[in-house]
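Report on the structure given below.
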Amino acid sequence: SQTIHQWPATLVQPVGSPLSLECTVEGTSNPNLYWYRQAAGRGLQLLFYSVGIGQISSEVPQNLSASRPQDRQFILSSKKLLLSDSGFYLCAWMRTLNTEAFFGQGTRLTVV
Amino acid sequence: QKEVEQNSGPLSVPEGAIASLNCTYSDRGSQSFFWYRQYSGKSPELIMFIYSNGDKEDGRFTAQLNKASQYVSLLIRDSQPSDSATYLCAAGGSQGNLIFGKGTKLSVKP
């Protein structure tokens with residue numbers, strides 16, 4: 020069976036510090052991978068998606084970047100965090116496009 | 535801008551009643567639709583998906599799709615307090631990604 024791991028579960032970072040969130044998927048190959056952010060009282064905002072190694076598409080201009088160094092690894096990064104980067108970050112995978120997405124446990128990021 | 539709209543609620547129903555959650559979508563090209571349940575502080579978990587017009591039943595849950603009206607609904611029969619959560623509707627977008635609504639908060643009162 021497929022599983023998705025995302026860590027850490029919670030993170031408190033000062034403004035201006037770097038960020039690295041990692042997500043890995045097990046039990047499948049060539050998954051479509053996604054990073055979403057969910058701010059308080061708002062819906063799920065798609066940040067990045069990847070259909071293959073080294074292929075990253077960005078949905079919104081922002082202070083964040085993503086990379087996919089391996090088939091089942093997806094990394095979300097920032098060089099300098101802003102207060103507005105606070106939120107609940109979710110990694111997800113889909114077997115193929117327009118099918119169901121499965122989410123990791125999420126990372127609650129608080130920038131102080 | 536492709537959108538999925540949901541009433542934010544809260545929707546309050548008594549235990550044992552039917553909860554009805556609704557969703558509309560703007561992209562006529564969407565072919566796949568999903569309902570997720572999200573407990574407070576947790577990640578969304580898939581409840582059901584539906585691709586064809588009509589009803590799809592799974593246990594206490596029934597998803598309904600009407601592509602002509604661009605309308606998706608989720609019925610929860612015999613609602614339990616453990617069903618209290620935020621329910622997210624999602625539609626498959628033209629680029630293959632899922633577009634999520636902001637969710638409807640459901641409260642089931644004992």
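Read top to bottom, the protein sequences are chains W and H. Add 19 to a position in the first sequence, counting from 1, and you land on the number used in this note's numbering. Add 534 to a position in the second sequence, counting from 1, and you land on the number used in this note's numbering. The beta-carbon is built from N, C-alpha and C at its ideal position, and this holds for glycine as well.
Start-end ranges of the beta strand (DSSP E) lying completely within the region 43–99 of chain W, minimum 3 residues: 51–57, 63–71, 74–77, 84–89 and 92–97
Pick helix, strand or coil for Pro-548 of chain H, following the three-state DSSP scheme. strand
Counting only runs that start and end within the region 547–594 of chain H, where is the beta strand (DSSP E) found for 3 or more residues in a row? 553–559, 567–572, 579–584 and 588–592
Does Leu-632 of chain H have its Cβ less than 8 Å from a Cβ in chain W? yes
Output, in chain order, the set of chain W residues within a Cβ distance shorter than 8 Å of Trp-580 of chain H. It should be pointed out that residue 580 of chain H corresponds to Leu in this sequence rather than to Trp. Within chain W, the residues near Leu-580 of chain H are Glu-119, Ala-120 and Phe-121.
Per DSSP, what kind of secondary structure is Ser-20 of chain W in: helix, strand or coil? coil
Got a sec? Which residues, its chain only, sit under 7 Å from Ala-619 of chain H by beta carbon, not counting five neighbours each side? Arg-571, Gln-572, Tyr-573 and Leu-640
Considering Thr-129 of chain W, what are the terminal residues of the beta strand (DSSP E) in which it resides? 126–130
Near Gly-46 of chain W, what residues of its chain come up, given a Cβ to Cβ distance below 8 Å and the 5 sequence neighbours on each side ignored? Ser-20, Gln-21 and Thr-22
Using 8 Å as the limit for Cβ to Cβ distance, is Gln-21 of chain W near chain H? no
Suppose the cutoff is 8 Å on Cβ atoms and the five residues either side in sequence are ignored; what does the same chain contact list for Ser-105 of chain W look like? Ala-58, Leu-128, Thr-129 and Val-130
Could you compute how far the alpha carbon of Thr-29 of chain W sits from the alpha carbon of Leu-40 of chain W? 11 Å
Taking the DSSP output, what are the residues bridged to Leu-609 of chain H? H:Ser-554 and H:Thr-596
Contact the region 541–561 of chain H vs the region 86–103 of chain W: 3+ CB pairs below 8 Å: no
If we cut at 8 Å on Cβ distances, does Arg-132 of chain W have a partner in chain H? A query on residue 132 of chain W cannot be resolved here, the shown segment of chain W reaching from 20 to 131 and no further.
Taking the alpha-carbon positions, what's the Gln-25 of chain W to Phe-122 of chain W distance? 9 Å
Would Ser-69 of chain W and Leu-52 of chain W be called neighbours here (beta carbons separated by less than 8 Å)? yes
Would you tell me roughly how many angstroms separate the C-alpha atoms of Glu-78 of chain W and Trp-54 of chain W, rounded to the nearest one? 10 Å
Check the Cβ of Lys-536 of chain H against every Cβ in chain W and list those closer than 9 Å, keeping chain order. Simply none; closest approach about 11 Å.
Within 10 Å of its beta-carbon, does Ala-602 of chain H have 16 or more other beta-carbons around it, so buried, or fewer, so exposed? exposed
Among residues of its own chain, excluding the 5 on either side of Gln-614 of chain H, which ones have a beta-carbon nearer than 7 Å to its beta-carbon? Glu-549 and Val-642
Chain H partners of Gly-62 of chain W, CB-CB under 7 Å? Phe-634, Gly-635, Lys-636 and Gly-637
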